[in-house]
Amino acid sequence: MKTKILFFSLFVLVVFDFFAQTPTDYLSKEFHQERRDILRAKMPKNTVAVVFANPLRNRSNDVDYVFHQDPNFYYLTGFREPNAVLVIFSENQTDAKGNSYNEIIYVPKNDPVSEMWNGKRLGVKGAKDQLGFKIAKTSEEFVTDKLNLNNFEKVFVEKFKDDYRNSYRDQGDLFDLVESFKKKSSYNSRLFLSKPKKRVYELIKVTPVKNAANVAQVIGKAITYYPDLKEDAIVKGYSNATSDKVKKEFQQLAALKLNKKSNIDIDFLTIQFAEMREIKTPSELKLLTKAIRISAVGQIEMMKAMQPDMSETEIQGIHEFVYKKYGAEYEGYPSIVGAGNNGCILHYIENNKTKVDNDLVLMDLGAEYRGYTADVTRTIPANGKFSKEQKAIYELVLEAQDEGIEACTIGNMFWTPGQEAKRVIDEGLAYLGIIKSPSEKHNYFPHGTSHHIGLDVHDPGTYGAFQANMVITVEPGIYIPDGSPCDKKWWGIAVRIEDDILITVNGPKNLSGEAPRSVEAIEQMMQKKSVLNEFILPSLD
Ligand code: GLY
Ligand code: MN
Ligand code: MN
């Protein structure tokens, strides 16, 4: 008996140990199933949604970039490998054997050689057992399956990314999946129009050619947001036409296109994902909060470790080391560490200044934990003490942020925190004499104040009124590059303070508030001893 118990205990230990060696706190398969059911319920009758995994991108020669799943695909499936496609039907379908199903996932097949080089694949069995799909098939089967997408009232798909290669070894890679989708559907006939294109075509169609200058103006503006429009044959032809006669021909072509019908719809899914993903479920909030708290600890540890002789790269490394120590897989976006004037470049990622000296160091970094990413910024004086000018700018940004955060209440519109922050900054800049009056136009705060965070650092959303369980950033900033039209003493000062705010029925909750924000709290934290002070490596000179 004793031997049996010992054997059993060993067995349990081994099994437990096996599972303990990889993270177990991913979203559950029930979470992803529920997301698919919600999406299905939003789909009109006799429609189908086709969602593709992200491409695997080539870095150089035979080395690829680290793969990252498409957040929408991940949200619906929990699948973390490339070369997969998900098909969701609005109603039950019946196969040749009479079995009914309403979704299929196609995943890369198990392949011992590929798995020896590149790591284990979940395979069809894993997709069923671990992700909970009743029907899972190999990606190659998507290519050979007889699915005719033209039979559906609508086929919902997102616009394809086209920066990936066809691997000739793999007959079911993303390239093959997309090509096969195009053959199964009317995609290649290109009869469908995206929303911006539809709007421009409408305008071309209804505007008398004598008013073509107005259309040109709208097209010019639309192209800045949707550069693809520039290459569109009708937009190009109409814009370049030198006579009314030719313009009228393109008007007719636009009208023809607008009348043609296709069952492909490339807008529907984008809207549904925005509506779903902007509200976080409790299990999402748990992971997102962890990512945020890890990032706050990164800021705290960096405040303690900061020395004027450090490089921007080293500072980045300390944050990222903290993330890894907590088991975060990635950074949610390229880390930004900019000292002094470098902080004025909003998405500065070179991080290659070799000595931060006595500058303010702007640190905008976020851990990605189980897919969810934080977005936290602190700006601190490298020598531990804010100068008079640095302090004045910092406290102005902090006041703007406080006002912005206060406006994060249910029912307020998304742009309210930005409006509040801008008002404070305009008044403050005028008070400090950096601009002449609060109404003077300036470029010292050139960005928005808030965006959703989640599986993406700039998470999709409808950007209307605040609702409970949204998580957004509030991130005002002031950036005064060298050579700005103000007193020299302000030059090279860049401050951004960014926190991640949960909207609740009880008001805003600052999830990244553990990292000090006030001048006094930062200076105090910077006096604390860092364990990294003893981490001294040998000189290689
Ligand atoms: N870290 C990018 C942003 O703040 O939006
Ligand atoms: Mn942000
Ligand atoms: Mn940021």
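The working numbering runs 107 ahead of the 1-based position in the sequence shown. C-beta atoms are modelled at their ideal positions from N, C-alpha and C, and glycine is treated no differently.
Cβ-based burial, residue i [other Cβ within 10 Å; buried from 16]
i    : result
V638 : exposed
P645 : exposed
D648 : exposed
Q497 : buried
W224 : exposed
G590 : exposed
G511 : buried
I145 : exposed
D335 : exposed
V119 : Low local confidence applies: a pLDDT of 48 at V119 is under 50, so the model's placement there is unreliable, and no value is given.
F203 : Looking at the sequence shown, residue 203 is not Phe but Ala. That one is exposed.
V122 : Because V122 sits at a pLDDT of 49, beneath the cut-off of 50, its placement in the model cannot be relied upon, and the point is left open.
Q423 : buried
K109 : Legend: pLDDT at K109 = 49, less than 50; position of this residue unreliable, value from coordinates given subsequently. Result: exposed.
Y172 : exposed
Q278 : exposed
T245 : buried
F428 : exposed
M520 : exposed
V220 : exposed
I629 : buried
F642 : exposed
S346 : buried
E188 : buried
A528 : buried
D566 : buried
D606 : buried
G230 : buried
E408 : buried
Range covered by the alpha helix (DSSP H) that runs through residue i
i    : result
V404 : P389 to A412
N347 : A340 to N347
N225 : P219 to N225
N321 : A319 to Y332
G424 : E419 to K432
L281 : L281 to K291
G450 : It is not in any alpha helix (DSSP H) - G450 carries neither H nor E in the DSSP assignment.
Beta carbon proximity, residue i to chain C, threshold 8 Å
i    : result
A340 : Looking for chain C here will not work: only one protein chain is present.
Rounded Cβ spacing between residue i and residue j (contact assumed at less than 8 Å)
i    : j    : result
L238 : H139 : 7 Å
L395 : G568 : No, L395 and G568 are not in contact; Cβ-Cβ is about 14 Å, not under 8 Å.
K460 : N449 : 6 Å
A572 : G518 : 6 Å
G491 : D482 : Going by Cβ atoms, the distance from G491 to D482 rounds to 25 Å, so no, they are not a contact pair.
K636 : K411 : 7 Å
L365 : K312 : 6 Å
P583 : T611 : Actually they do not touch by this definition, with Cβ atoms about 22 Å apart.
G216 : E247 : Per the sequence presented here, residue 216 reads as Lys, with Gly not at that position. Contact flag correct, Cβ pair sits at about 7 Å.
V95  : Y440 : Nothing can be reported for residue 95: it is not among the residues displayed for the chain, which extend from 108 to 648.
R400 : P130 : With 8 Å as the limit, R400 and P130 do not qualify as a contact, their Cβ atoms being about 16 Å apart.
Cross-strand partners of residue i (DSSP beta bridge)
i    : result
V602 : I585
Y437 : E475
P615 : I610
T201 : S207
H559 : D566 and I579
G445 : L469
M520 : A572
F89  : This structure does not reach residue 89, given that the chain is present from 108 up to 648, and the question cannot be answered.
I371 : V262
T480 : E475
V214 : T245
S167 : V170
Segment limits, beta strand (DSSP E) that includes residue i
i    : result
K244 : A243 to T245
F263 : K261 to V264
T484 : V483 to P488
R147 : Here R147 belongs to no beta strand (DSSP E); instead the alpha helix (DSSP H) covers K136 to K149.
N255 : N255 -> no beta strand (DSSP E), and no H or E assigned at all.
S301 : Element bounds for S301: n/a, residue is neither H nor E.
Should the region 194-210 be regarded as contacting the region 145-163, the criterion being three or more beta carbon pairs within less than 8 Å?
yes
Quick one: any contact between the region 623-641 and the region 545-561, if contact means 3 or more CB pairs under 8 Å?
no
Okay, do the region 281-297 and the region 320-340 touch, 3+ Cβ pairs below 8 Å being the bar?
no
Looking at C-beta atoms only, is the number of pairs between the region 566-580 and the region 387-402 that lie closer than 8 Å three or more?
yes
With three or more beta-carbon pairs closer than 8 Å as the criterion, would you say the region 350-361 touches the region 300-317?
yes
Counting Cβ pairs closer than 8 Å, one from the region 177-185 and one from the region 155-163, do we hit at least three?
yes
Are there three or more Cβ pairs, one per stretch, closer than 8 Å when the region 500-509 is compared with the region 524-539?
yes
Taking one C-beta from the region 366-375 and one from the region 585-605 each time, how about it: are there three or more such pairs within less than 8 Å?
no
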